[in-house]
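Report on one structure; see the data block that follows.
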Amino acid sequence: MSVRVRYAPSPTGLQHIGGIRTALFNYFFARANGGSFILRIEDTDRERSTPEALEDLYSTLEWLGINYDEGPGKDGGFGPYVQSEREQLYKDKAAELISSGKAYPCFCSSERLDVIREEQKAAKKSIGYDRYCRGLSPDEADARIKAGEKYVIRLKVPLEGKTVFDDIILGQTGRKNKDINPDPVILKTDGFPTYHLANVIDDHAMGITHIMRAQEWIPSGPLHVLIYEAFGWKPPAYCHLPMVMGKDGQKLSKRHGSTSVSDFRKNGYLPEALVNFVSLLGWSYDDSREFFSMEDLCSLFSLEKINKSPAVFDYKKLDWFNGQYLRMKDPEELKEMLLPLLAGEGLISNPPSSGERGIFNGAFNIIRERLKLLNDVVPMLRFLFTDPGIGNAEDAIPKKMDASEAAKALVLGEKLLLEAADPPDASDEDACEAWDEVMDGRFREKAEKEKLKIGAMLQPLRLAVTASKVSPPLFPAIRLLGLDESLKRIKRLIDTLKNM
RNA sequence: GUCUCCAUCGUCUAGUGGUUAGGACACCGGGUUUUCAUCCCGGCAACGGGGUUUCGAUUACCCCUGGAGAUGCCA
-15 MSVRVRYAPS PTGLQHIGGI RTALFNYFFA RANGGSFILR IEDTDRERST PEALEDLYST
45 LEWLGINYDE GPGKDGGFGP YVQSEREQLY KDKAAELISS GKAYPCFCSS ERLDVIREEQ
105 KAAKKSIGYD RYCRGLSPDE ADARIKAGEK YVIRLKVPLE GKTVFDDIIL GQTGRKNKDI
165 NPDPVILKTD GFPTYHLANV IDDHAMGITH IMRAQEWIPS GPLHVLIYEA FGWKPPAYCH
225 LPMVMGKDGQ KLSKRHGSTS VSDFRKNGYL PEALVNFVSL LGWSYDDSRE FFSMEDLCSL
285 FSLEKINKSP AVFDYKKLDW FNGQYLRMKD PEELKEMLLP LLAGEGLISN PPSSGERGIF
345 NGAFNIIRER LKLLNDVVPM LRFLFTDPGI GNAEDAIPKK MDASEAAKAL VLGEKLLLEA
405 ADPPDASDED ACEAWDEVMD GRFREKAEKE KLKIGAMLQP LRLAVTASKV SPPLFPAIRL
465 LGLDESLKRI KRLIDTLKNM
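Note that our numbering gives residue -2 to position 14 of the first sequence, counting from 1, and the numbers run on in steps of one.
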C-alpha cells in the first residue's frame, strides 16, 4: 500500500514554525517513499477561520516549495479537501454513532460546563465533563431535539479498560479509558465537527496511511483510536513528532519573537535556509552532514532518524544557515532579490535606473559576504543612494586621538582624494580594483609618513562618507559614491570636528 | 489536581554494554584585514540523581528529580 500522508492546518492564523515543520516532515516522508502528500483545510472552527489565514497558508507553502499532490484545487478522488465543504458527512457519521450507541446528544449549556469546571478546579479534582447527559434515554433526547433544544454530540468513552496505539517513534503508548477526556464533544452546536471527529473521518475517508503530527496530540491519541473503533475502522500508523520550543523551553509562540513563516520571509530569510534549519529540528541524517536541499530531504528523510525529545528553536543558527545560503546563492538571482528591497525603502527607483543598477552592481561584490539577511542590504548601502547626514561625529575620532587630530587626518585624506584619478566605471571590474589598490597604496604611504595607523587614517573618512562606524570597504565605497560627493561629505565633517 | 511524553555540551545533535563521548551553532582566544563581515586556526563545554542487571553501564530496567504537553462546543 503506498504512503498517503497529510498536512491538515486550520486557517486561524499565520503559518508558524511548528506547523510547517509538521508539513515538511510529512512532505519529505511522502516523497522519500513515493507516496502522496495531501493538503486538507480544517476550517471547522468558524469563529476563528479567516480567508487571510488561508491565503497565508498557500503563499507559505509555495514560498517554501512544498507542492501538495492532492488538496483544494487538486482533486485526487478524495475531495473535497476543505472540511467546511464536508459538513454533511460529519453530521451523518455522528448520527451513525448515536444509533449505534457510541455517542449521545448533550444539552448542557456552556454556562453549566463553566460552573462545574470551576468547582472541579477549586476542589482540585480532575477536570472534565461530568457525563450528565450520558444517561438520558433516547426517547427523552429525541423529544428535546424535536422541541428545538440546542445540543452537541458527545462520544461515549468507555468507563473501563484501556486504549493504546503504537507509535513509530515512541512505541506503544496509551491510557486507561477512565483517564481519557470524559465524553468529549464530537459535533458542536453549530453542526460542525470538532477536530477529533473530523480528523478521524477524513483520514479514514482519504486513505491516510500515516498520521504525522506534533506530540501535543499524544494525549488525544487513544481518543481517536476509540473513534476509529466506534466506526469499526482500523487506525492508520501514528508518528508523533517532537515539539518545537522557544528558548525558555516552552512551546514556541509569538512571545519568543518571529514565529510565522511570513515574518521570516519579510525579515529577509531564504526559504532554503529555513527549510534546511527546520528539517534539523528533531531529525538528523548522520553525525556530520547538515546541509540539505529540498531535493536531498525528499530522498534522504526517514522516520527512524526522528528523535523523541523536544527541540529548541535557535534563531542564531538559523541566521548562520541564512548567511551560508546567501553566499551560495547565484549572484544574479541574489541581485534581483536585493534591488526591490532598496526600492522599497525609496533608496532607488522602481524599476531601478541604469545608473542605480550600475552603482548597485559595483557594490554587490563588497556587500555579498557581509549579508546575513537580505534586508541587511538596506543599511549597508543607504549611504550610496542618499545623504546619510553626519551621523555621530564622535565616532569619527579614532582611539587615542582628539577631534582636531581626527580633522587633520581627514584633511590628509581629502588631499589624497583631490589628487586621485577619476574612478572608472563600476562595470570595469579590473580598472576598479586597480583604482582601489592605487588609493590603498597612497593612503598607506601617507599614513606612514605621518606616523598614523592606517586605521586611524581611514576611520574618520569612513564616518564622513557613510555616517557609520561600520561600512563596506572604504575605497570601493568612495569610488561608487563619486569623488565630488565624497569630498563634500568629508568637508562637512571636517567643519564639524573643528567646532568640537 | 489528574493523565501522558521527554532527559548527551548553553542550543541542534551523533554515538556505543568497554570511545580521549564526535560534529555544528553560540561563546572565548589567535591569524588574515581598513571598520564590519567573511575565511583560517585553537579553546571552552555534556551523558540530571539514586538503585538494579552486568566483569563493565552514558547505553538495558526501576525509582526520583526536572522539563514539557494535554485536560475546550481551538486545532
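All C-beta atoms in this analysis are idealised placements derived from N, C-alpha and C, irrespective of residue type, glycine included.
Since we're looking at a predicted model, the values are computed, not measured.
- State whether the segment 224 to 239 contacts the segment 248 to 261, with contact taken as three or more CB pairs (one from each stretch) at a distance under 8 Å. no
- For the beta strand (DSSP E) containing Pro89, list its first residue and its last residue. In the first sequence, counting from the first residue as 1, residue 89 sits at position 105. Per DSSP, Pro89 belongs to the beta strand (DSSP E) from 87 to 90.
- Message: So for Glu274, helix, strand or coil by DSSP?
- Response: Residue 274 sits at position 290 when you count from the first residue of the first sequence. DSSP places Glu274 in coil when its eight states are reduced to three.
- Message: By alpha-carbon positions, which one of His0, Ile438, Arg366 ends up nearest to Leu464?
- Response: Translated into the one-based positions of the first sequence, residue 464 becomes position 480. Of the listed residues, the one whose Cα sits closest to Leu464 is Arg366.
- Item | Limits of the unbroken beta strand (DSSP E) element including His194 | Here residue 194 is taken as the residue at index 210 of the first sequence, counted from 1. Residues 194 to 198.
- Query: Where does Gly55 sit, in a helix, a strand or coil, going by DSSP?
  - Reply: Position 71 of the first sequence holds residue 55. Reduced to three states, the DSSP call for Gly55 is strand.
- Closest to Phe62 by CA distance: which of Gln(-1), Gly191, Tyr222 is it? Walking along the first sequence from the start, residue 62 turns up at place 78. The shortest C-alpha separation from Phe62 is found at Gly191.
- Short check: CB of Arg15 to CB of Ser452, under 9 Å? Within the first sequence, numbered from 1, the residue matching residue 15 stands at position 31. Within the first sequence, numbered from 1, the residue matching residue 452 stands at position 468. Not closer than 9 Å, so no.
- C-alpha gap between Leu281 and Asn17, whole angstroms: Sequence index remark: in the first sequence, residue 281 carries index 297 (1-based). Sequence index remark: in the first sequence, residue 17 carries index 33 (1-based). If you take the alpha carbons of Leu281 and Asn17, they lie about 12 Å apart.
- Item | Closest residue to Glu353 among Phe369, Asp379, Asn306, Ile374 (Cα-Cα distance) | Along the first sequence, one-based indexing puts residue 353 at 369. Comparing Cα-Cα distances from Glu353 to each of Phe369, Asp379, Asn306, Ile374, the minimum goes to Asn306.
- Taking all protein chains shown into account, do 16 or more other C-beta atoms lie within 10 angstroms of the C-beta of Ser20, making it buried, or fewer, making it exposed? Position 36 of the first sequence, counted from the first residue, corresponds to residue 20. Flag for Ser20 reads buried.
- Select from Phe91, Leu322, Pro142, Pro168 the residue whose C-alpha is nearest the C-alpha of Lys130. By 1-based counting over the first sequence, the position of residue 130 is 146. Looking at the Cα atoms, Phe91 is the closest of the given residues.
- Message: To the nearest angstrom, how far is the alpha carbon of Ala390 from that of Glu434?
- Response: On the first sequence, position 406 is the one that residue 390 refers to. On the first sequence, position 450 is the one that residue 434 refers to. Cα to Cα, the separation comes out at about 13 Å.
- Would you give the residue range spanned by the beta strand (DSSP E) that Arg(-12) belongs to? Residue mapping note: residue -12 aligns to position 4 of the first sequence, counting from 1. That run of the beta strand (DSSP E) goes -12 to -9.
- Just curious, the alpha helix (DSSP H) that Lys160 is in, first and last residue? Your numbering for residue 160 matches position 176 in the first sequence. Premise fails: Lys160 lies in the beta strand (DSSP E), 155 to 160, not in any alpha helix (DSSP H).
- Task: Determine, using beta carbons only, whether Lys134 and Thr173 come nearer to each other than 9 Å.
- Result: Your numbering for residue 134 matches position 150 in the first sequence. Your numbering for residue 173 matches position 189 in the first sequence. In contact: Lys134 and Thr173 (Cβ atoms closer than 9 Å).
- Message: Cutting at 7 Å between CB atoms, please list the residues of its own chain near Asp167, excluding the five before and the five after it.
- Response: As a working mapping, residue 167 is identified with position 183 in the first sequence. Once the five neighbours on either side are set aside, the close Cβ partners of Asp167 are Tyr113, Arg115, Arg118, Arg138, Leu139, Lys140, Val141.
- Ignoring anything shorter than 3 residues or poking outside the segment 116 to 151, list the beta strand (DSSP E) runs there in chain order. 136 to 139, 146 to 151
- Item | Contact between the segment 457 to 472 and the segment 380 to 387 (3+ Cβ pairs under 8 Å) | No, the segment 457 to 472 does not touch the segment 380 to 387.
- Pick from Thr178, Gln156, Ser244 that is closest to His224, judged by C-alpha positions: Numbered from its first residue, the first sequence carries residue 224 at position 240. When the alpha-carbon of His224 is set against those of Thr178, Gln156, Ser244, the nearest one is in Gln156.
- Item | Local Cβ density within 10 Å of Pro370, reported as buried at 16 or more and exposed below that | On the first sequence, position 386 is the one that residue 370 refers to. For the record, residue 370 in the displayed sequence is Thr; it is not Pro. Under this definition Thr370 is an exposed residue.
- Item | Terminal residues of the alpha helix (DSSP H) in which Ala14 lies | Against the first sequence, residue 14 aligns to sequence position 30. First-last of the alpha helix (DSSP H) with Ala14: 1 to 16.
- Is the beta carbon of Tyr42 sitting closer than 9 Å to the one on Ile22? Working through the first sequence from its first residue, we reach residue 42 at position 58. Working through the first sequence from its first residue, we reach residue 22 at position 38. In this structure, Ile22 does not lie closer than 9 Å to Tyr42 by Cβ.
- Item | Own chain partners of Tyr269 with C-beta closer than 8 Å, once the 5 adjacent residues on each side are dropped | The sequence position of residue 269 within the first sequence is 285, counting from 1. Phe276, Leu284, Lys289, listed in sequence order.
- Item | Contact under 9 Å by Cβ, Asp412 with Phe459 | As a first step, residue 412 is located in the first sequence; it is residue number 428 there, counting from the start. As a first step, residue 459 is located in the first sequence; it is residue number 475 there, counting from the start. Taking a C-beta distance under 9 Å as the contact criterion, Asp412 and Phe459 do not qualify as a contact pair.
- Query: First and last residue of the alpha helix (DSSP H) that includes Ala405?
  - Reply: Walking along the first sequence from the start, residue 405 turns up at place 421. Run containing Ala405: none; DSSP gives neither H nor E here.
- Secondary structure of Ala295, DSSP reduced to three states: Along the first sequence, read from residue 1 onward, the residue named residue 295 stands at position 311. The answer is strand: DSSP assigns Ala295 an E or B state.
- Item | Entirely enclosed beta strand (DSSP E) segments - the segment 220 to 265, minimum 3 residues | Given a length threshold of 3 residues, each whole run of the beta strand (DSSP E) inside the segment 220 to 265 is given here in chain order: 221 to 225.
- Query: What is the rounded straight-line gap between the Cα of Gly330 and the Cα of Val361?
  - Reply: Against the first sequence, residue 330 aligns to sequence position 346. Against the first sequence, residue 361 aligns to sequence position 377. Between the alpha carbons of Gly330 and Val361 lies a gap of roughly 13 Å.
- Item | Cutoff 6 Å; reference Gly3; Cβ partners in own chain excluding five residues on either side | For the purposes of this step, residue 3 is identified with residue 19 of the first sequence, where counting begins at 1. The answer, listed in chain order, is Pro(-7).
- Opposite Val169 in the DSSP bridges: which residues? Locating residue 169 in the first sequence gives position 185, counting from the first residue. Arg138.
- Message: Taking a contact to mean a Cβ-Cβ separation below 9 Å, would you say Asp76 touches Phe176 in this structure?
- Response: Mapped onto the first sequence, residue 76 falls at position 92. Mapped onto the first sequence, residue 176 falls at position 192. No; because the gap between Cβ atoms is not below 9 Å, this pair is not in contact.
- Query: Is the beta carbon of Pro220 sitting closer than 9 Å to the one on Ile185?
  - Reply: Here residue 220 refers to the residue found at position 236 when the first sequence is read from its first residue. Here residue 185 refers to the residue found at position 201 when the first sequence is read from its first residue. No; because the gap between Cβ atoms is not below 9 Å, this pair is not in contact.
- Look up Val454 in the DSSP assignment and say whether it is helix, strand or coil. The sequence position of residue 454 within the first sequence is 470, counting from 1. In the structure shown, Val454 sits in coil (DSSP, three-state: anything other than H, G, I, E or B).
- Message: Need the endpoints of the beta strand (DSSP E) that Ser20 sits in, please.
- Response: To locate residue 20, count along the first sequence from 1; it is residue 36. 20 to 23 is the extent of the beta strand (DSSP E) around Ser20.
- Query: Looking only at its own chain, which residues have a Cβ that is under 6 Å from the Cβ of Ala45, when we skip the five neighbours before and after it?
  - Reply: Taking the first sequence and counting its residues from 1, one reaches residue 45 at position 61. First, the amino acid is wrong: residue 45 is Leu here, not Ala. For Leu45, where only same-chain residues beyond five positions count, there are no Cβ hits under 6 Å.
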